[in-house]
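Peer 1:
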Amino acid sequence: MRVLDAECTKKFMQMAEDGWEQGWHERNGGNLSYRMTMDDVASVAENFDLTAKWRPIGTSVPGLAREHFFITGTGRYFQNVVRDPEHSFGIIEVDETGENYRIVWGLLDGGRPTSELPTHLMNHEVKKAQTNGAHRVIYHCHPANVIALTFVLPLTDEAFTRELWEMMTECPVIFPDGIGVVPWMVPGGRAIAVESAKKMQSYNAVIWAMHGIFCSGATFDETFGLVHTIDKSAGILLKVLAAGGKRQTITTQDFRDLAKDFHLTLPEKFLDVKEEKSETAKTAKTAKAAKVTK
Ligand code: 2HA
Ligand code: ZN
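With positions in the sequence shown counted from 1, the corresponding number in this note's numbering is that position plus 14.
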């Protein structure tokens, strides 16, 4: 089968297009990878160039030895994934040591995988082990609401998780484990990959301060939906802050009730937050106090 006719290719391209339409991929921003199933590989392997040169990944991912991935290209645009697939993304194979990769399809005319290849592969390695192989999609994008919040909230897992949970009732159902935050770091290398992979041990969503977000999931829909939910929640929080802060919110007891009915285990560190300590509550108090003194 031609690579472009495979179901997994169509889904990969559709997700890239959906992200582009959301405005999360200015210029060459963001990157997407998908760990192929054995059936995916078997269905398109006749197209693979097995003479391609092996190149260093820049980190070691022995847990991904001999795996194949769809991956977007460095300097290539999400905007062009549907218009010009063979230049915009490709299929790579990881060697038996987990140290090298080769491009077996696509990324034509000297294309290379995303500069965030180390983070993608280290996150895949963590999630493959942790989910018994269920997670296959790693997605990085630059959603404006999420990025804006990293200028306003303390850069902690607790602040981001609790504030974003409070903005829409279904948030704790969609990301019950919470969200990790990596402070500002130089992108594109092993150091930020190591910090992100550490956070991926606990979360399916990791925010990069002043940069964007990485999400992991079993399917394209689930992974896209996670970013979509988090960015919408971040947008609501920005509106609430701009409107003077919270006057009322979902309380710790409300979360406990929700967890019981929805059979969720919400980590205690995100519940055990003094309500008056929350950032937006502080803003509301300050606004109220200002009014009183007037
Ligand atoms: O430009 O988003 O983080 C691609 C990126 C790098
Ligand atoms: Zn980026």
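Each residue gets a CB set at the ideal place from its N, CA and C atoms; glycine is no exception. Only a predicted model underlies this, so the values are computations on that prediction, with no experimental measurement involved.
#1: So the beta strand (DSSP E) G124 belongs to, where does it begin and stop?
#2: Where does N159 sit, in a helix, a strand or coil, going by DSSP?
#3: Which residue marks the beginning of the beta strand (DSSP E) containing E107, and which one marks its end?
#4: Quick check on DSSP: helix, strand or coil for R270?
#5: Report buried or exposed for E177, applying the criterion of at least 16 other Cβ atoms within 10 angstroms of its Cβ.
#6: Mark L163 as exposed unless 16 or more other C-beta atoms lie within 10 angstroms of its C-beta, in which case mark it buried.
#7: When DSSP labels each residue in this structure, what does G33 get in the three-state scheme?
#8: Looking at the strands, I want to know which residues DSSP matches up with S230.
#9: Suppose you measure from the CA of E139 to the CA of T23; what does that come to, to the nearest Å?
#10: For chain C, is any of its Cβ atoms less than 8 angstroms away from the one on A158?
#11: Reducing DSSP to helix, strand and coil, say where H82 ends up.
#12: Give me, in chain order, the residues of the same chain whose beta-carbon lies closer than 8 angstroms to that of G77; leave out the 5 immediate sequence neighbours on both sides.
#13: What number of angstroms, rounded off, separates the C-alpha of E172 from the C-alpha of A20?
#14: Look at the Cβ atom of L240, then the Cβ atom of G249, and state whether they are nearer than 8 angstroms.
#15: Spatial neighbours of V55 within its chain, please: C-beta separation below 8 angstroms, excluding the five flanking residues on both sides.
#16: What are the boundary residues of the alpha helix (DSSP H) that I221 is part of?
#17: Mind pulling the alpha helix (DSSP H) runs of 4 or more residues that sit fully within the stretch 231-265?
#18: Heavy atom of ligand 1 less than 7 angstroms from the Cβ of N137, yes or no?
Peer 2: In this structure, then:
#1: Residue numbering aside, residue 124 sits at position 110 when the sequence shown is read from its first letter. Here G124 belongs to no beta strand (DSSP E), and DSSP marks it neither H nor E.
#2: Indexing the sequence shown from 1 puts residue 159 at position 145. Residue state, collapsed to three classes: helix.
#3: On the sequence shown, residue 107 is found 93 positions in, with the first residue counted as 1. Taken as a continuous stretch (DSSP letters only), the beta strand (DSSP E) holding E107 covers F103 to V108.
#4: Walking along the sequence shown from the start, residue 270 turns up at place 256. Residue state, collapsed to three classes: helix.
#5: Reading the sequence shown from its first residue, position 163 is the one you call residue 177. The residue in question, E177, is buried, as its Cβ has 16 or more Cβ neighbours within 10 Å.
#6: Within the sequence shown, numbered from 1, the residue matching residue 163 stands at position 149. The residue in question, L163, is buried, as its Cβ has 16 or more Cβ neighbours within 10 Å.
#7: In the sequence shown, counting from the first residue as 1, residue 33 sits at position 19. G33: helix per DSSP, three-state reduction.
#8: Residue numbering aside, residue 230 sits at position 216 when the sequence shown is read from its first letter. Answer is I152, bridged to S230.
#9: Here residue 139 refers to the residue found at position 125 of the sequence shown. Here residue 23 refers to the residue found at position 9 of the sequence shown. Going by the C-alpha atoms only, they are around 21 angstroms apart.
#10: Within the model displayed, chain C is absent; a lone protein chain is all it includes.
#11: Counted from its first residue, the sequence shown places residue 82 at position 68. Here H82 sits in strand by DSSP.
#12: The count along the sequence shown starts at 1 and reaches residue 77 at position 63. Around G77: G112, E139, K142 and A143.
#13: Within the sequence shown, the letter at position 158 stands for residue 172. Within the sequence shown, the letter at position 6 stands for residue 20. Distance between the alpha carbons of E172 and A20 is about 41 angstroms.
#14: For the purposes of this step, residue 240 is taken as residue 226 along the sequence shown, with counting starting at 1. For the purposes of this step, residue 249 is taken as residue 235 along the sequence shown, with counting starting at 1. The answer is no: Cβ separation not under 8 angstroms.
#15: As a working mapping, residue 55 is identified with position 41 in the sequence shown. Here the set comprises H82.
#16: Along the sequence shown, read from residue 1 onward, the residue named residue 221 stands at position 207. Not the alpha helix (DSSP H): I221 falls in the beta strand (DSSP E), residues A219 to W222.
#17: 234-256
#18: As a first step, residue 137 is located in the sequence shown; it is residue number 123 there, counting from the start. Incorrect: N137 has no Cβ contact closer than 7 angstroms to ligand 1.
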